[in-house]
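For reference, the structure discussed in these notes is given below.
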Ligand code: IPM
Ligand code: MN
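Residue numbers (the numbering used here): 844 to 1199.
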């Protein structure tokens, strides 16, 4: 297989973690069967500095040409003034919209080696294996907004097709898992949520009556994620609820730095990115956790190219390296010993190269 991957490192720790992720893809290529060509372009603050736009035309063109997109992170204090005319985050939203990647898959699977890094007691972490499907191109992120000196407005809109396609994606994923979907909304307050709930109920009564549907209000879901995380299989929810709940859920896995994501459209041309941000506080120090980015390229191989064995080899290598004692500071063991970003990448690549 030969593929062109657009690499958009972005800001802060983005370049540091995407470098390790592309090295892992190089290691997969070195095993023989596949070739990956990487082309890099700017997005976010780096793009604003270079061109004034957070998602410039040359980046848009590269994304259109590529088979898949790997992104690091965007944002930082340099571009965050309250009156900034253009913000890095808008570049990421424009990219998601341009690719029409309406379903953002965020797997949350606990592993014993990282139980000590989680603030929850181990008995809560056993058998946690959740696939959060976050709607990614609608809702309050993309609605009309306005601002005057003393008032501001953000509109949340959802349409039937937007809800149907993401709920279908979640239900189809559940069919290949444990057959349960939890739909999270705020139907006791929001009309968008009442529409979401009635469409979800309809779909499960007609197309997906072989699956179990559970419905939760988002405030309760936030609590249940901590009190009974192992009960969840697939969670489907709207854009902002999914953003918030997955930062929470990441702590089941020990760190925000561990979680990957795959954003998919109907053509499987995906956008892959760790769920963490640009972490300006540690940027440039070489200590960021590259696992979220590396696990994102595993998702890239699985969902865009159907290379399940290669995806699993990367996932196995990440946890083998952690078990061998390689940890970045965010997931360091009780002895506090931590390695840097490149050493973590090296350890994962060494496992990959040594065990087929
Ligand atoms: C994420 C991030 C983004 C989001 C920001 C950077 C716009 O938090 O990917 O979760 O809110 O979607
Ligand atoms: Mn987020």
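Glycine included, C-beta positions come from ideal geometry on N, C-alpha and C.
- Residue pairing by DSSP places residue 853 opposite 916 in a beta bridge.
- If you check the C-beta of residue 917 against ligand 1, you find a heavy atom less than 7 Å away.
- Counted as a single uninterrupted DSSP element, the beta strand (DSSP E) harbouring residue 995 occupies residues 995-997.
- At a Cβ-Cβ threshold of 8 Å, residue 881 and residue 890 do not count as neighbours.
- Straight-line spacing of the CA atoms in residue 887 and residue 1120 works out to 12 Å.
- For residue 982, the CB stays at least 7 Å from every heavy atom of ligand 1.
- The beta carbon of residue 981 lies closer than 8 Å to those of 945, 1000, 1001, 1002, 1005, 1081, 1082 in the same chain, with the five residues before and after it left out.
- As the crow flies, the alpha-carbon of residue 1180 is around 13 Å from that of residue 959.
- In chain order, 1134, 1137, 1138, 1191 place their CB closer than 7 Å to the CB of residue 1161, counting only its own chain and leaving out the 5 sequence neighbours on each side.
- Relative to ligand 1, residue 1086 has its C-beta within less than 7 Å of a heavy atom.
- At least one heavy atom of ligand 2 lies closer than 7 Å to the C-beta of residue 1090.
- Under the three-state reduction of DSSP, residue 1041 is assigned to helix.
- Counting only the Cα atoms, residue 991 lies some 32 Å from residue 1027.
- When only Cα atoms are considered, residue 924 and residue 1055 end up about 46 Å apart.
- The alpha carbon of residue 1189 has as its nearest neighbour, out of 1176, 1157, 1177, 1178, the alpha carbon of 1157.
- Within the DSSP bridge table, the entry for residue 1024 names 1056, 1077 as partners.
- The beta carbon of residue 969 is closer than 7 Å to those of 1073 in its chain, skipping five residues each way along the sequence.
- Assignment of residue 847 by DSSP, reduced to helix, strand and coil, places it in the strand class.
- Here residue 1035 has 999, 1001 as same chain residues with Cβ atoms under 6 Å from its own Cβ, once five neighbours each way along the sequence are excluded.
- In the structure shown, residue 1117 adopts coil according to DSSP, grouped into three states.
- Only residues of its own chain outside the window of five on either side were considered, and among them 1196 have a CB closer than 8 Å to the CB of residue 873, listed in chain order.
- According to DSSP, residue pairing for residue 974 in a beta bridge involves 950, 1077.
- Residue 906 is a Cβ neighbour of residue 941, given a cutoff of 8 Å.
- Assigned with DSSP and collapsed to three states, residue 1106 falls in strand.
- Annotation for residue 1145: 1151, 1154 place their beta carbon closer than 7 Å to its own, counting only its chain and skipping 5 residues before and after.
- Non-local C-beta neighbours of residue 866 in its own chain, meaning closer than 8 Å and more than five positions away in sequence, comprise 1188, 1192, ordered along the chain.
- A Cβ-Cβ contact shorter than 8 Å links residue 1061 with residue 1029.
- Distance between residue 1122 and residue 1048, taken at the CA atoms: about 44 Å.
- A straight line joining the alpha-carbon of residue 953 with that of residue 1175 spans about 16 Å.
- The C-beta distance from residue 915 to residue 853 rounds to 4 Å, short enough to fall under 8 Å.
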